[in-house]
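Protein chains: 4
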Amino acid sequence: MKCALVRNSYGKSAVRLSKVSRNGQTHTIQEYCVEIELEGDFDKSYTAGDNSTIVATDSMKNTVYILAAENEFTCPEQFGKLLAKHFVSQYAQVDAATIRITEAIWQRIEHEGRPHEHAFVGGSNERRKTKVSLDSSQLKVESAIEALSVLKTTNSGFVGFVRDKYTTLPETTDRVFATNIDCTWTYCDSECDFNQTYALVREEILRTFCNHNSLGVQQTLQAMGEAVLVACPHILEIDFTMPNQHRIPFDLSRFNMENRNEIFVTTSEPFGVIKGRIRRTNAQQDQRQLTAGACNS
Amino acid sequence: MKCALVRNSYGKSAVRLSKVSRNGQTHTIQEYCVEIELEGDFDKSYTAGDNSTIVATDSMKNTVYILAAENEFTCPEQFGKLLAKHFVSQYAQVDAATIRITEAIWQRIEHEGRPHEHAFVGGSNERRKTKVSLDSSQLKVESAIEALSVLKTTNSGFVGFVRDKYTTLPETTDRVFATNIDCTWTYCDSECDFNQTYALVREEILRTFCNHNSLGVQQTLQAMGEAVLVACPHILEIDFTMPNQHRIPFDLSRFNMENRNEIFVTTSEPFGVIKGRIRRTNAQQDQRQLTAGACNS
Amino acid sequence: MKCALVRNSYGKSAVRLSKVSRNGQTHTIQEYCVEIELEGDFDKSYTAGDNSTIVATDSMKNTVYILAAENEFTCPEQFGKLLAKHFVSQYAQVDAATIRITEAIWQRIEHEGRPHEHAFVGGSNERRKTKVSLDSSQLKVESAIEALSVLKTTNSGFVGFVRDKYTTLPETTDRVFATNIDCTWTYCDSECDFNQTYALVREEILRTFCNHNSLGVQQTLQAMGEAVLVACPHILEIDFTMPNQHRIPFDLSRFNMENRNEIFVTTSEPFGVIKGRIRRTNAQQDQRQLTAGACNS
Amino acid sequence: MKCALVRNSYGKSAVRLSKVSRNGQTHTIQEYCVEIELEGDFDKSYTAGDNSTIVATDSMKNTVYILAAENEFTCPEQFGKLLAKHFVSQYAQVDAATIRITEAIWQRIEHEGRPHEHAFVGGSNERRKTKVSLDSSQLKVESAIEALSVLKTTNSGFVGFVRDKYTTLPETTDRVFATNIDCTWTYCDSECDFNQTYALVREEILRTFCNHNSLGVQQTLQAMGEAVLVACPHILEIDFTMPNQHRIPFDLSRFNMENRNEIFVTTSEPFGVIKGRIRRTNAQQDQRQLTAGACNS
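Residue numbers (the numbering used here), protein chains in the order written: chain E, 144 to 440; chain S, 144 to 440; chain A, 144 to 440; chain Z, 144 to 440.
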């Protein structure tokens with residue numbers, strides 16, 4: 144029998160960086176968790192234990208802190224591009240680098256009516272993420288919001304679905320809609336204002352969630368995607384994953400009480416998951432071209 | 144050999160309740176995770192498998208939803224008191240009930256310049272908690288904030304500590320101070336405005352964190368405790384646990400670069416933990432008396 | 144601007160099933176966590192809120208329990224195939240079904256020198272998983288072991304890697320090697336004995352880990368993959384992800400003590416990650432053909 | 144208003160140590176997570192920012208590794224005693240030290256019919272723990288098993304409990320009994336063979352779980368406690384916390400199918416919790432005396 148190594152990569156994960164920048168009295172804090180993954184000419188480390196092309200993952204970790212000190216950047220996308228370019232240009236044996244960065248969100252504490260200069264509050268499960276991929280032909284930037292947790296108490300229903308012998312769920316025209324939104328978008332332009340786009344995406348999602356009279360999680364997902372693409376010209380497409388965090392009415396009728404749609408069992412499992420990808424349609428022709436320039440919206 | 148059951152209790156944990164209250168167009172959502180623990184005449188279930196005094200934990204769960212439907216309440220402390228009184232009064236064999244409630248924090252989404260009527264954003268690790276204990280002689284209410292995550296980039300130092308052969312930590316007059324505050328306070332008055340006190344505690348902690356020129360986590364803890372006791376007349380004492388979430392300077396000098404106190408390694412472990420309890424001093428004489436009335440501040 | 148839904152799917156996650164099977168006095172327990180994901184003609188639920196083709200995820204949940212009751216199966220792969228075939232055949236609008244199952248591992252308690260008939264011990268983070276994908280043209284079965292945690296205290300080194308200005312890691316010929324193996328394999332035959340293959344994969348990985356004189360995680364990964372492919376004729380290829388859970392020597396020389404390679408700091412982050420895919424090479428010609436029959440080893 | 148610091152302590156948590164000991168070809172690995180908490184004359188660090196009595200928590204961390212290198216020990220209890228004695232004797236300002244250690248369980252891999260000399264498998268959620276407390280008057284050793292996960296498919300029922308208007312749970316004479324046992328025991332003798340006692344406790348718990356015909360979790364808890372006290376003469380008392388990890392029968396009758404007690408919904412929440420403490424009774428007279436000598440069993 145013969146067998147072969149047909150794919151390989153390696154890198155460093157969970158490199159945690161805090162960078163403090165001081166502009167006079169006003170400080171900023173950037174807290175990133177960085178993951179580096181390299182592909183290239185590493186086969187002989189697998190097949191012969193020859194590590195001569197291997198950049199130690201410990202050196203990758205050092206590089207994160209060194210590049211953070213040497214460069215100014217205002218968002219994870221910029222820092223990801225710096226790192227990806229470094230690894231591909233520094234080492235001939237590296238064909239491709241993928242950098243994933245998760246940013247912990249720190250917000251200035253409101254103090255005496257204005258945002259404090261150097262004190263922050265954090266602790267949200269919501270995360271801002273990016274993935275920067277660079278190989279010989281292409282630089283690709285994706286960004287994401289993870290675990291944006293929202294809930295609304297009305298303007299959400301679910302009727303008209305398939306009823307067969309496996310169905311016990313009643314129809315409802317007024318249910319609690321709670322979800323933990325994950326969304327990932329692809330830029331058509333790797334040089335745009337990433338912070339502005341990030342803020343716009345988040346704002347459009349929340350605005351749509353508030354306004355939308357939901358006939359199903361699927362329909363609300365579509366509305367969010369369309370709102371984002373209208374508002375953000377630099378985005379080619381956006382993917383959503385929306386778990387349906389069910390609030391199940393507790394049946395009070397078993398206790399001779401009236402069900403008034405007020406008392407719910409909060410559940411973690413099982414949960415529905417709805418996924419969808421919305422794309423700018425006149426931008427479908429040639430994605431490689433698009434990533435070099437702006438989307439033709 | 145003889146042995147005996149010298150202590151026992153049982154109950155239900157992780158009873159998850161969402162209650163929607165509607166005041167015209169304006170809705171509120173209360174999301175509680177409830178734990179019930181009962182003590183009483185249950186020995187024979189342990190020693191003889193005789194369950195005749197046992198209230199099934201499944202019935203406790205039902206009771207949470209039934210009492211939530213039958214009663215109005217605006218905070219976990221009130222609901223905890225309702226539950227504790229129910230179990231002690233309903234069942235002769237129950238001597239004491241302890242109710243622990245964790246509230247998930249949902250904030251109204253800012254929409255068109257004002258808080259939305261029925262749409263909320265959540266997802267924080269920060270939690271509001273309460274513990275209500277009732278036995279024949281006493282009702283005791285404790286409340287807590289868990290995992291209030293804060294960070295400041297200056298006005299924090301640590302010097303003058305013990306230096307001996309086990310010491311390698313350098314002194315610093317300017318370090319990042321990050322912590323995840325847990326604090327628990329005891330009310331001297333079980334009938335006060337719990338929501339107001341909760342908001343005041345949180346505000347005083349954040350205000351102190353912003354203003355305090357910290358010579359150590361211990362000193363900042365003390366300052367927070369004093370500020371809370373000054374602001375909140377219904378609180379007898381407050382306990383803090385403050386993990387020191389170290390940001391360790393990455394040593395750039397190994398790479399012939401200057402250390403400018405900007406680049407840090409974010410660490411999860413190991414971590415320092417600082418604890419302290421601050422008490423209203425003219426209130427120390429007789430705690431039992433105090434819990435019946437207001438603190439003599 | 145125009146935009147379109149270019150991809151969608153939905154389903155139910157975290158459907159948790161325990162099935163007890165009784166063969167006289169001897170009982171078995173199967174504990175599965177099931178995820179169902181369907182693709183098909185669902186676009187109008189996204190674009191128009193028309194749910195007429197939507198099988199409620201609650202009905203999918205019911206189906207898991209109903210099919211578990213109606214059928215006998217001895218492994219998650221079999222149950223995954225049952226579920227996938229059900230959804231694709233039952234609903235004309237369903238084009239493809241993907242079933243993911245995670246099995247919690249329960250082992251019989253050793254009691255009086257033999258495995259007990261109905262009492263089990265569990266609690267491992269290690270999981271057995273499967274993913275069954277069915278569309279009109281193809282049934283594909285993948286299986287996996289997740290989080291197989293192993294450590295060895297010698298026969299592991301790391302030398303000869305790139306040294307440059309980013310490098311501080313010393314070479315070592317004797318280090319602790321600890322990892323949490325994730326591996327996923329693809330079957331060339333969807334009708335084989337999945338339990339036997341699972342047991343063989345696990346055995347070959349552990350055997351190789353014990354025997355291999357490791358010159359790097361990469362080399363050990365390759366050796367494991369080759370051992371699995373030699374032992375398991377029904378496997379086409381196997382993917383490994385191996386985090387390097389570093390034990391970093393604590394530098395005692397700072398305290399005038401000798402470093403004897405005994406005292407280590409256990410770390411969670413950052414961590415190296417090594418990935419590789421090993422494939423049966425004379426099986427590369429036509430994967431579609433292979434999945435219908437046995438691999439030509 | 145006056146207020147005072149009425150209690151304080153501080154220390155280091157999550158100090159993670161791996162120690163490799165080599166006896167010829169046979170290696171052992173001890174992996175401990177250590178927590179140190181000191182009480183003493185630290186008030187002025189809180190009230191005045193005067194850190195002159197403060198041993199830096201970073202120095203505590205160093206001490207863990209230094210003492211691990213300087214000493215031989217075969218169990219966490221021994222290492223905890225070494226650490227507690229160190230801090231109390233080394234620093235005049237330290238009145239009391241509490242050391243908590245959690246051990247990760249690594250088992251030798253079975254290889255060619257025998258336990259391997261230096262390769263181990265881990266990954267269990269089950270943990271061995273200890274808490275050693277030392278103050279001027281007393282050394283106290285507690286040990287614990289955390290998250291011992293067991294399940295049995297029969298010989299468990301629950302009948303005869305209170306039925307009232309809050310009750311919907313049906314009685315059952317044959318249910319699945321699953322729990323995640325936490326137990327903590329107090330030694331009457333701080334010099335005994337801790338490894339032997341640990342092994343005996345675990346064995347007696349599993350043996351009882353297998354044999355006991357359970358009329359309720361409470362009764363099984365009591366049986367386990369009695370079995371442990373009979374088998375282990377060095378234990379004064381043992382505390383159990385046993386969550387009832389419910390497997391709820393899925394009601395197939397809604398689908399015109401027979402309920403045969405085979406198909407269950409595995410649930411995480413809500414869950415019952417049963418607690419109890421069993422004590423050696425002729426050892427109750429004077430606990431202080433007992434902790435100095437052996438229990439009079």
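Where is the CB? At the ideal position from N, CA and C, for every residue including glycine. Predicted, not measured: the structure shown is a model, and the values here were computed from it.
| Check | Outcome |
| --- | --- |
| Flag this pair as touching only if the region 302 to 315 of chain Z and the region 248 to 261 of chain Z have three or more C-beta atom pairs under 8 angstroms; answer yes or no. | no |
| In this structure, does DSSP put A/HIS229 in helix, strand or coil? | helix |
| State the beta-bridge partners of E/GLY167 as determined by DSSP. | Partner(s): none; E/GLY167 has no beta bridge. |
| So, does the CB of S/VAL149 fall closer than 9 angstroms to a CB anywhere in chain Z? | yes |
| Tell me which same chain residues have a C-beta within less than 6 angstroms of the C-beta of Z/GLY436, skipping the five on either side of it? | Legend: pLDDT at Z/GLY436 = 44, less than 50; position of this residue unreliable, value from coordinates given subsequently. For Z/GLY436, where only same-chain residues beyond five positions count, there are no Cβ hits under 6 angstroms. |
| Count the other CB atoms, across all protein chains shown, that sit within 10 Å of the CB of Z/ARG420; report buried if there are 16 or more and exposed otherwise. | buried |
| Does chain A have any CB closer than 9 angstroms to the CB of S/SER411? | yes |
| If you draw a straight line from the alpha carbon of Z/HIS377 to that of Z/ARG422, how long is it in whole angstroms? | 12 angstroms |
| Would you report the Cα separation of A/LEU291 and A/ASP325, rounded to the nearest angstrom? | 7 angstroms |
| Which stretch, first to last residue, makes up the alpha helix (DSSP H) that contains Z/MET203? | 200 to 213 |
| Check whether the Cβ atoms of Z/VAL371 and Z/GLU334 sit closer than 9 angstroms, and answer yes or no. | no |
| What are the boundary residues of the beta strand (DSSP E) that A/MET385 is part of? | 378 to 387 |
| Any beta carbon from chain D within less than 9 angstroms of A/ARG422's own beta carbon? | The structure shown contains no chain D; the protein chains it does contain are E, S, A and Z. |
| Give the range of the alpha helix (DSSP H) segment to which A/GLU347 is assigned. | 337 to 354 |
| Leaving out five residues on either side along the sequence, give the residues of the same chain with a beta carbon under 6 angstroms from the beta carbon of E/PHE222. | PHE216 |
| Sorted by chain position, which residues of the same chain lie with C-beta nearer than 6 angstroms to A/LYS162's C-beta, five sequence neighbours on each side aside? | GLN173 and ALA211 |
| Between the alpha carbons of Z/PHE185 and Z/ALA235, how many angstroms are there, rounded? | 11 angstroms |
| Considering only the alpha carbon of each residue, which of Z/TYR189, Z/GLU182 and Z/MET203 lies closest to S/PHE414? | Z/MET203 |
| Any beta-carbon of chain E closer than 9 angstroms to the one on Z/PHE398? | yes |
| Is the Cβ of A/GLN110 closer than 9 angstroms to any Cβ of chain E? | Since the first residue of chain A shown is 144 and the last is 440, residue 110 of chain A is not available in this structure. |
| Among E/MET385, E/ASN354, E/ALA342 and E/LYS295, which has the Cα closest to the Cα of E/GLU405? | E/LYS295 |
| Figure out for me which residue from E/GLU401, E/CYS375, E/MET400 and E/THR363 has the closest Cα to the Cα of E/PRO386. | E/THR363 |
| Given a cut-off of 9 angstroms on the beta-carbon distance, is the pair Z/GLN388 and S/ASN151 in contact? | no |
| So, helix, strand or coil for A/GLN365, using DSSP? | helix |
| Between the region 280 to 299 of chain Z and chain A, which residues of the former have CB atoms less than 8 angstroms from a CB of the latter, in chain order? | ALA290, LEU291, SER292, VAL293, LEU294, LYS295, THR296, THR297 and ASN298 |
| Tell me the DSSP secondary structure of S/VAL305 in three-state form. | coil |
| Only counting the same chain, and skipping five residues up and downstream in sequence, which positions put a Cβ closer than 6 angstroms to that of A/ARG243? | GLU178 and LYS274 |
| Pick helix, strand or coil for E/VAL237, following the three-state DSSP scheme. | strand |
| Check E/SER156 in the structure and name its three-state DSSP category. | strand |
| On the three-state DSSP scale, how would you describe A/VAL177? | strand |
| Quick one, which residues of the region 214 to 232 of chain Z are near chain S if we go by CB-CB under 7 angstroms, in chain order? | none |
| Relative to the C-alpha of E/LYS308, which candidate in A/ASP201, A/PHE352, A/TYR175 and A/MET367 has its C-alpha closest? | A/ASP201 |
| Just the C-alpha distance for Z/LEU343 and E/ALA240, rounded to the nearest angstrom, thanks. | 53 angstroms |
| Mark S/THR169 as exposed unless 16 or more other C-beta atoms lie within 10 angstroms of its C-beta, in which case mark it buried. | exposed |
| Short of 6 angstroms in beta carbon distance, which residues of its chain neighbour E/PHE352, apart from the five on each side in sequence? Order them along the chain. | VAL293 |
| Flag this pair as yes or no: are the beta carbons of E/TYR153 and A/LYS272 separated by less than 9 angstroms? | no |
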